[in-house]
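So the structure is just underneath, and the comments pick up after that.
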Amino acid sequence: MKLDAAYYPNDNVVWLAKDLLGKVLYTNVNNSITAGIIVETEAYFGIEDKASHAYGGRRTNRTETMYCMGGIAYVYLCYGMHNLFNVVSSVDGDPHAILIRAIEPLVGIDIIEERRKMVSTKASISSGPGSAAKALGIDRSFNAKILTGDEIWIEDQNIKYTEQDIVATPRVGIAYAQEHALLPLRFFVKGNKYVSKPNKI
DNA sequence: AAACGGATTGGCT
DNA sequence: GCCAATCCGTTTC
């Protein structure tokens with residue numbers, strides 16, 4: 088079943104980042120429906136997080152999306168070419184976000200293969216945040232879209248991972264975040280082939 | 001109006 | 001496993 092709007096305003100972003108593992112992320116792009124199981128996430132805990140775009144309460148046209156009420160998408164461009172998809176959580180004014188770093192292709196696999204120009208047996212088809220977003224057809228036009236609508240949504244299909252199935256490591260690519268660089272806020276499903284490479288166990 | 005630099009990827013060794 | 005290409009939004013002048 089589709090997660091409803093009440094799921095997202097939760098202010099425990101670490102709990103949410105873990106809870107999203109096993110949930111199924113859907114997109115409908117021009118009536119092409121694709122979906123994947125979320126197998127890797129990172130938590131960004133807001134204005135006190137030196138790795139967050141919203142660190143220090145920074146508000147720009149870009150970061151404004153994160154300050155909205157939880158339950159919308161935050162999609163931004165990285166390295167001038169990669170669209171990175173985040174779930175905005177917590178309440179209005181508290182810019183929490185959860186980066187979706189990898190999915191396991193589940194629905195519309197032929198469409199995903201065409202978008203990525205490779206077969207779904209290759210782990211790199213949806214491994215890493217840029218690849219996962221591209222696999223699902225997510226670009227910047229999805230920024231600020233509501234996650235309970237009919238273009239992008241998340242379902243609970245009763246795929247459950249226990250604490251023993253989940254690994255926590257430092258987040259990737261945020262060495263500039265000083266003492267926050269080593270916090271174990273990246274979560275992934277142990278042994279899943281679509282989890283991205285850095286620090287893979 | 002112009003410079004800057006990145007929550008990465010993928011190709012090459 | 002390592003390293004370098006690669007753009008555009010953001011920031012600053």
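Note that the numbering used here has the first sequence beginning at 88, numbered continuously upward. Think of the CB as a built atom: it goes at the ideal place given N, C-alpha and C, for glycine as much as any other residue.
- For residue 107, the closest C-alpha among the options 259, 246, 261, 256 is that of 246.
- In this structure residue 222 touches residue 123 by the C-beta definition: roughly 7 Å separates them, less than 8 Å.
- In the assembly as shown, residue 114 is a buried residue. Its beta-carbon has 16 or more other beta-carbons within 10 Å.
- Below 8 Å, enough C-beta pairs join the stretch 128-140 and the stretch 269-285 to call them touching: three or more.
- With a 10 Å radius around the Cβ and a threshold of 16 neighbouring Cβ atoms, residue 129 comes out buried.
- Its Cα nearest to that of residue 168, the residue 225 stands out among 99, 282, 225, 237.
- Going by beta carbons, residue 190 and residue 125 fall inside the 9 Å limit.
- As DSSP reads the structure, residue 89 sits in a beta bridge with 242.
- A Cβ-Cβ contact shorter than 9 Å links residue 127 with residue 188.
- In the DSSP assignment, residue 203 falls within the unbroken alpha helix (DSSP H) covering 196-203.
- Contact annotation: residue 133 and residue 100 have beta-carbon atoms nearer than 9 Å.
- About 5 Å separates the beta carbons of residue 161 and residue 152, which is inside the 8 Å limit, making them a contact pair.
- Residue pairing by DSSP places residue 164 opposite 170 in a beta bridge.
- Using a Cβ-Cβ distance cut-off of 8 Å, the stretch 250-259 and the stretch 173-185 are not in contact, since fewer than three pairs of beta carbons, one from each stretch, lie closer than that value.
- The beta carbon of residue 265 lies closer than 7 Å to those of 137 in the same chain, with the five residues before and after it left out.
- Only residues of its own chain outside the window of five on either side were considered, and among them 170, 227 have a CB closer than 7 Å to the CB of residue 164, listed in chain order.
- By the neighbour-count criterion, in which a residue is buried when 16 or more other Cβ atoms sit within 10 angstroms of its Cβ, residue 174 is buried.
- Straight through space, the alpha carbons of residue 155 and residue 89 are spaced by roughly 21 Å.
- Here the alpha carbons of residue 263 and residue 109 stand approximately 30 Å from one another.
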